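Residue numbers (the numbering used here), protein chains in the order written: chain A, 9 to 274; chain B, 569 to 998; chain C, 7 to 326. One structure is given below, encoded as structure tokens.
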Amino acid sequence: MTTYDIDSSNANAIEARDMSIYYGAFRAVNKVSLAIEKNKITAFIGPSGCGKSTVLRSFNRMNDLVPTARTEGEIVFRGKNLYAPDVDPVEVRRRIGMVFQKANPFPKSIYENIAYGPRINGWRGTKAEMDELVERSLRGAALWDDVKDKLQQSGLSLSGGQQQRLCIARALATQPEVILMDEPCSALDPISTLKIEELMFELRQRYTIIIVTHNMQQASRASDYTAFFLMNSERAGELVEYGTTEQIFHNPKDERTEQYISGRFG
Amino acid sequence: MSAESINPEERSVGVLPEGPAVKQNIARRQLIGQIWRGIFFFAIVFGLVALLTLILDVVNDSFGLIATQSEVDEQEITGGRELEDLSQAELVAILNENLSRRVLTRLNREQPLEERDAANLVEVIETEVLKTELVAVFPLWESLTQRAAIEERVTERFPRAELSWKAWVNWDFITTPMSSVAFNAGVRTAILGTLWVTMLTALIAIPVGIFAAIYLEEYADHRVWYNKIIQTNINNLAGVPSIIYGMLGLAIFVRVLEPFTSGAFFGVSSGGGATLNGRTILSAAFTMALLILPVIIITGQEAIRAVPNSLRQGSYGLGATKWQTVWNIVLPQAFPSILTGIILAVSRAVGETAPLILVGASTFIVTDPNGPFSKFTVLPIQIYTWTQQPEQEFKIIAAAAIVVLLIVMLFLNATAVLLRNYFRSKRVSV
Amino acid sequence: MADQARARAESIGVSIPTEATVDLSKRPHIGETIIQAILFICGVLSIFTTVGIVWVLFQQAWLFFGDPEVSVLEFFTTFRWVPEIGLFGVWPLVTATFMTSLIGMLVAIPFGLAAAIYLSEYASDRVRSVVKPLLEILAGVPTVVYGYFALGFITPLLRNIFGINTVNIYNMASAGIAMGILILPLIASLSEDALSAVPQSLRNASFGLGATRLETAIRVVLPAAASGLVAAFIIGISRAVGETMIVALAAGAGPNLTANPFDSAETITGHIARISGGDISYGSIQYTSIFALGLLLFVITLGLNILSRRLVARFREVYE
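The structure is reproduced here in structure tokens:
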């Protein structure tokens, strides 16, 4: 396997090294290595079942929650292997936030949805400071103007797109460095999708974003880098090609990437 | 056109009806369908009629006419006046005149006659002097429809008897302790016993049950052998007959753990309600708690399982620990359903009888239970003992006790529904 | 656009932690560990219950069968149970248990199943939402009330119909019928679950061939749900065998080997309740005998429950 390194003056935010992921005896992902650049948006694309979501979830150890899951290899974040025995997955998830495919606001008020993350992570401060944190997080997710008058209403009362932005705001409140987005727009209408994409561009200033998407258009217009995954003959996901989005979409080096981009399979 | 005419060379494949035969066939099948639909529906009606009959039967027995007769004529001792019109002093005088010294001493020891109020004195005169006795009882339906026949029969057999209406379920019945005379008996001790046992049972079973459900749903890896055993075991326990739990309670809580369940270990002395043997409220509560635990665990597991996984993931994704996720996200979401399960389980404990026969509920106690180490009786046990008595009037107070029990259970279940709706509505609107 | 975005991002002002503040190493979660231990203990407690039940029953039954007056052979092969004179043949109690359960199931299965078919295949949501809670109330009535009902209503009814001389005051038929009414909602609810689990596509296939609702229900849905239904019936039987208060009140006191449902006879549970309700001294043979009966009861009901769960598992395998 080739290791793709992005040539850039910027440091890498997070890096996978020979990452293999198993579900029981089944190898779902085979030796994936890639480095994600800081303050950029990196898109994972590929056909269903190619392991791109699994790789994404290994970045903040969400796979640990599947009892049969097992990993080999390393994820390096701030010079530390996240799978080292002394690393606490709970702490990892605080630093590396996640937004899920289906918006999953808690059945609490909008305010409490945001306050939840900081509180469980031992946040200390006054009511006014929490108000401020909630407002900033909501502003960060471009949701403040929509909800500022109904912070005490249920998070479930929002529209689908607003719910997803609430989930993003919720992730921002714990002040992560990297945000993982697992097909965040797959359940949204085109206008809501566009809003989330605009939001991603804004967030890029402060955060590193990795997004899994099925939508070629989205990957091409909303990301800086693109990684293309594919199943090998044993149905294990592999990284086929990784580069700037410009290069992947206009000048793919691998024939399979070209076929996928041009819609010949998947 | 028939099947053969299409393909004459092939062997016959039989004939499907055509023309008017089709209509006939369908009409016949539809008719059969309608008839069976009626039969199926009748099964439901049967169930509902059974429920209605059961309730009406109980109500029928708890209200109705009674015939009472006094040994002594009231007019004689009062000089033609009504007892209720007499003053306190006059009532005391009547008692002093008509009762033996021994009885008077006993009454004065309980509470000096001079200090008693008029209502109490009237009561004492009725039981001690007039010796008013219940001579016949009649169920509600008969009382309503055959009043004349009843009157005739009563005057014939008990010429001095008075016929009057009585609602056996009344405030006196609820607040009076047990008595060996059905007419004076109440369910006060049984209600208090039921409250004590139920509260202690809930106190033990609810936390343990919810924790076990959390363990099995959120923590246990079901591929590990001991977790499999725990799960199978709980499912099997749910099917064990309640009387077996009674045997467990008798052998373990009443006998082996007697020093603890009798209170002797904690320095409780006999006297008051305490017994110094293991047949106490505490033993009953432990037994009942074990009995309802599987129900609480299983309904709790179902409630927890119904919480969408996406919520857990959202919480973990923010860096929450397992317990933080369970406590802040899973439990609040599952709470209404857990609560319903709990109340169902508790109302089962309220109505359960068989295990307490074995654990040794007393059938006759007049003192209020005053703590976990008291001997006790409960409403279902009281109903059981009274129903067993051959005399009609005990059957009647058994019915009255059933009315009380059903009201308690109705109250519990209504609370369950209201609480569930309240929490559901809160969950959506917050 | 880019300038706007930059301005906005800066206005957020969420600080990114410096190198020094990031520490990914494991924090000791002592609280979490303690909580997990408590939860585990609560889960394990149920094992102790079972161990307790099995131990108590076996230990006392061992004492019973170890008594020179009794033998296992006598227990299972003789036909008189009179503890007072040392006769311990269990059959009269078993036949009475069988008889009351049989009568109960004769009421509960047809009515319960028919009600389930109606609820699952015919009833509108509105009817269902009214009927199901009512049936739940029927199932929630304490069994001692059914005992009262059997003795005070069903028995007089039977005596009116069949004659006072035919029907004993205490009789198995009355107890069995009350038991049937008690178990009816259980059978109805479990059977309805089994019927509802049959995929709609099967029904549609049947309707598509021109079958009526009844034909679909009887010929397609019922066979498809068969193992689930049988599992429901077995749970019902197990419940009937273990039911105590109805038989204790209405079936009669005193073991009696009889096949006449209008006779009085005592069931296993009824006998246990009567003996333990009186004054028996611990360690006497009467005391240990009820544990031997309890063991028998436990084995029967456990066997039925396990059988039922096997059937349900098989049923699930087919449709889930």
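Just so it is clear, CB atoms sit at the ideal spot from N, CA and C, and this is done for glycine as well. Everything numeric in this text was worked out from a predicted model, so none of it was measured.
Distance from the CA of residue 307 of chain C to the CA of residue 81 of chain A, rounded to the nearest whole angstrom, comes to 53 Å. Between residue 46 of chain A and residue 216 of chain A, the beta carbon gap of about 5 Å places them in contact (Cβ cut-off 8 Å).
Note on the region 607-689 of chain B: whole beta strand (DSSP E) runs with a minimum of 3 residues are 631-637, in chain order. The residue among B:855, B:932, B:632 and B:785 with its C-alpha nearest the C-alpha of residue 56 of chain C is B:855.
Per DSSP, the continuous alpha helix (DSSP H) segment holding residue 251 of chain C begins and ends at 251-256. Here DSSP, grouped into helix, strand and coil, assigns residue 80 of chain A to strand. Collapsing the DSSP output to three states places residue 129 of chain C in coil. In chain order, 85, 86, 88, 90, 92, 94, 95, 96, 99, 100 and 103 make up the part of chain A whose C-beta sits under 9 Å from the C-beta of residue 30 of chain C. Burial is judged here by how many other beta carbons sit within 10 angstroms of a residue's own beta carbon; residue 587 of chain B has fewer than 16 and is exposed. In the DSSP assignment, the residues bridged to residue 94 of chain C are C:87. For the region 800-819 of chain B, the residues whose beta carbon sits under 9 Å from a beta carbon of chain C are, in order, 800, 801, 802, 803, 804, 805, 806, 807, 808, 809, 810, 811, 812, 813, 814, 815, 816, 818 and 819.
No Cβ of chain A is located within less than 8 Å of the beta carbon of residue 594 of chain B.
In the DSSP assignment, residue 746 of chain B falls outside any beta strand (DSSP E) and carries neither an H nor an E.
Taking CB atoms only, residue 889 of chain B has a neighbour in chain A less than 8 Å away. A residue is called buried when at least 16 other Cβ atoms come within 10 angstroms of its Cβ; residue 918 of chain B meets this threshold and is buried. When DSSP reads this structure, residue 236 of chain A sits in a beta bridge with A:53 and A:249. Taking 8 Å as the cut-off, the beta carbon of residue 201 of chain C is found closer than this to the beta carbon of residue 122 of chain C. By a beta-carbon distance limit of 8 Å, residue 852 of chain B does not contact residue 772 of chain B. Their separation comes to about 11 Å.
With a threshold of 8 Å between beta carbons, residue 950 of chain B makes no contact with chain A. For residue 897 of chain B, the chain A residues whose Cβ falls inside 9 Å of its Cβ are 114, 115, 116 and 124, in order along the chain. Here residue 215 of chain A carries a coil assignment [DSSP, helix/strand/coil].
Around the beta carbon of residue 225 of chain A, fewer than 16 other beta carbons lie within 10 angstroms, which makes this residue exposed.
Nearest to residue 711 of chain B by alpha-carbon distance, out of B:630, B:642, B:645 and B:681, is B:630.
Pairing residue 303 of chain C with residue 281 of chain C gives a Cβ-Cβ distance that is not under 8 Å. If the five residues before and after residue 733 of chain B are omitted, its C-beta is found closer than 7 Å to the C-beta atoms of 633, all from its own chain and listed in chain order. Between residue 829 of chain B and residue 848 of chain B a beta carbon distance of about 5 Å is seen, short of the 8 Å cut, so the two are scored as contacting. Going by C-alpha positions, residue 938 of chain B is about 20 Å away from residue 753 of chain B. Chain B places no beta carbon closer than 8 Å to that of residue 266 of chain C, leaving this residue out of the contacts.
Scanning chain B for C-beta atoms nearer than 8 Å to the C-beta of residue 219 of chain C yields 601 and 605, reported in chain order.
Interface criterion not met: the Cβ of residue 869 of chain B is under 8 Å from no Cβ in chain A. Taking residue 271 of chain C as reference, the option from C:293, C:115, C:86 and C:208 with the minimal CA-CA separation is C:86. Classified as exposed, residue 983 of chain B has fewer than 16 neighbouring CB atoms from the shown chains inside 10 Å of its CB. Distance check between residue 40 of chain C and each of B:747, B:890 and B:815 places B:890 closest, using alpha-carbon atoms only.
With its beta carbon less than 8 Å from one in chain A, residue 878 of chain B belongs to the interface. Exposed is the label assigned to residue 171 of chain C, since fewer than 16 other Cβ atoms lie within 10 Å of its Cβ. Per DSSP, the beta-bridge partners of residue 190 of chain A are A:220.
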